[in-house]
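Trainee: Submitted below is the structure of interest, expressed as structure tokens.
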Ligand SMILES: NC(=O)c1ccc[n+]([C@@H]2O[C@H](COP(=O)([O-])OP(=O)(O)OC[C@H]3O[C@@H](n4cnc5c(N)ncnc54)[C@H](OP(=O)(O)O)[C@@H]3O)[C@@H](O)[C@H]2O)c1
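In the working numbering, the protein residues as written are 1 to 328.
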């Protein structure tokens with residue numbers, strides 16, 4: 001697969017693989033099937049794998065560690081610290097205190113079966129801990145060889161600048177896709193100015209932009225999207241489906257699938273963007289990574305823009321509490 005370079009010269013496959021849904025948030029998964037999928041992804045040229053302490057919690061890092069141990073030197077593994085986990089493993093706020101960062105890093109190294117984390121992100125900004133302290137702690141871990149690169153997730157522009165002044169940031173990972181355009185106004189220009197790469201998460205709109213989630217029953221009762229995501233529910237959902245249907249027509253005219261259109265659109269935004277679509281299915285993985293070879297022309301991009309402008313997207317991307325943890 002084609003590659004892209006994030007900040008600080010970190011080279012990754014143009015499309016990575018988001019591993020969260022293999023253990024968390026999107027209903028039941030078959031662990032053996034996911035293990036084998038991770039290995040097939042490497043065979044297909046994916047070198048960029050995304051996990052986090054909180055996915056599971058813990059079990060996703062274990063899965064990724066087990067799958068990638070035999071090919072460790074050929075892949076870039078990104079993981080994240082920064083949530084406070086209550087009992088039994090529930091999420092109860094954020095914690096980026098230096099001592100906690102160190103403890104989580106040691107535990108992640110063990111679960112990932114490795115001696116270094118290629119890219120370590122702070123998952124959410126902790127308002128209680130100055131970002132300089134966070135950057136300094138990750139900087140120390142880099143000096144010790146336990147971490148190779150520093151990243152942030154859902155951080156605001158000022159936080160990115162302050163962090164980068166303490167320890168060069170390799171990548172920001174935030175939500176960005178055809179229906180989540182928040183980073184365009186302020187964040188992308190700051191990243192460009194500072195030479196930081198961008199890793200869009202949920203690049204397929206958590207599956208919605210693929211057109212595969214047309215019915216509410218497509219999501220199981222315990223699916224995170226059904227419980228907490230306003231734009232997957234009610235009137236917003238109906239409006240969003242109309243726009244997704246219109247985009248599917250654009251994709252059809254272009255001879256690609258809706259998922260491929262969504263990914264190729266992201267890749268067309270900047271050369272230092274590397275999205276990490278998630279899937280548990282080989283056919284979808286193959287479909288998604290083929291998007292790295294699709295080049296959208298300025299005319300294609302205009303049609304996409306006009307199509308979205310016609311019906312638009314509605315509804316917040318997170319519930320209020322989760323939204324309050326972003327862009328700090
Ligand atoms: N930093 C953060 O705060 C944060 C937040 C969320 C996610 N992430 C990371 O970003 C990664 C990707 O985001 P995401 O998983 O939330 O959303 P996504 O990649 O936008 O979409 C994943 C969903 O789309 C489905 N899907 C994938 N390819 C498809 C295709 N070709 N056709 C139809 N359906 C398809 C998947 O279902 P199947 O699995 O059933 O195929 C899954 O339900 C995560 O795995 C995680 O590593 C980070």
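Every residue, glycine too, gets a C-beta built ideally from N, C-alpha and C. What you are looking at is a predicted structure, and each value in this text was computed from that prediction instead of being measured.
From residue 97 to residue 139, what distance separates their C-alpha atoms?
Mentor: Counted from its first residue, the chain shown places residue 97 at position 97. Counted from its first residue, the chain shown places residue 139 at position 139. Approximately 14 Å, taken between the alpha carbons.
Trainee: Along the chain, where does the beta strand (DSSP E) that runs through residue 122 open and close?
Mentor: Residue mapping note: residue 122 aligns to position 122 of the chain shown, counting from 1. Here the beta strand (DSSP E) through residue 122 covers 117-122.
Trainee: What is the residue span of the beta strand (DSSP E) that residue 258 lies within?
Mentor: The residue labelled residue 258 in the question sits at position 258 within the chain shown. Where residue 258 is concerned, there is no enclosing beta strand (DSSP E), although the alpha helix (DSSP H) it sits in stretches over 258-269.
Trainee: If I'm right that residue 23 touches residue 55 with Cβ under 8 Å, what's the distance once you round it to whole angstroms?
Mentor: For this step, residue 23 is matched to residue 23 along the chain shown. For this step, residue 55 is matched to residue 55 along the chain shown. With 8 Å as the limit, residue 23 and residue 55 qualify as a contact, their Cβ atoms being about 5 Å apart.
Trainee: Using a Cβ-Cβ cut-off of 6 Å (strictly less than) and excluding sequence neighbours within five positions of residue 320, which residues of its own chain qualify?
Mentor: The count along the chain shown starts at 1 and reaches residue 320 at position 320. If we look at residue 320 and ignore the five residues flanking it on each side, it has no Cβ neighbours.
Trainee: Would residue 163 and residue 185 qualify as a contact pair, given that the criterion is a beta-carbon distance under 7 Å?
Mentor: Position 163 of the chain shown, counted from the first residue, corresponds to residue 163. Position 185 of the chain shown, counted from the first residue, corresponds to residue 185. No. Outside cutoff.
Trainee: Using beta carbons (cut-off 7 Å, strictly below), is residue 163 in contact with chain B?
Mentor: In summary, chain B is missing from the structure at hand, where a single protein chain is found.
Trainee: Considering only residues of the same chain and omitting the five flanking positions on each side of residue 210, which have a CB-CB separation below 6 Å?
Mentor: Translated into positions along the chain shown, residue 210 becomes position 210. Contacts found: 204, 258 and 259.
Trainee: Looking at residue 259 and ligand 1, is the gap between the Cβ and the nearest heavy atom below 6 Å?
Mentor: As a working mapping, residue 259 is identified with position 259 in the chain shown. Yes, Cβ of residue 259 sits closer than 6 Å to a heavy atom of ligand 1.
Trainee: Terminal residues of the continuous alpha helix (DSSP H) containing residue 286?
Mentor: As a first step, residue 286 must be located in the chain shown, where it is residue number 286. First-last of the alpha helix (DSSP H) with residue 286: 282-289.
Trainee: Please state whether the Cβ-Cβ distance between residue 278 and residue 1 is less than 7 Å.
Mentor: Position 278 of the chain shown, counted from the first residue, corresponds to residue 278. Position 1 of the chain shown, counted from the first residue, corresponds to residue 1. Going by C-beta atoms, residue 278 is not nearer than 7 Å to residue 1.
Trainee: Mapping the DSSP letters down to three states, classify residue 214 as helix, strand or coil.
Mentor: What you label residue 214 is simply residue 214 of the chain shown in a count that begins at 1. In the structure shown, residue 214 sits in coil (DSSP, three-state: anything other than H, G, I, E or B).
Trainee: Let's test the definition: count the other Cβ atoms within 10 Å of the Cβ of residue 31 and tell me whether it reaches 16, buried, or not, exposed.
Mentor: Taking the first residue of the chain shown as 1, we reach residue 31 at position 31. That one is exposed.
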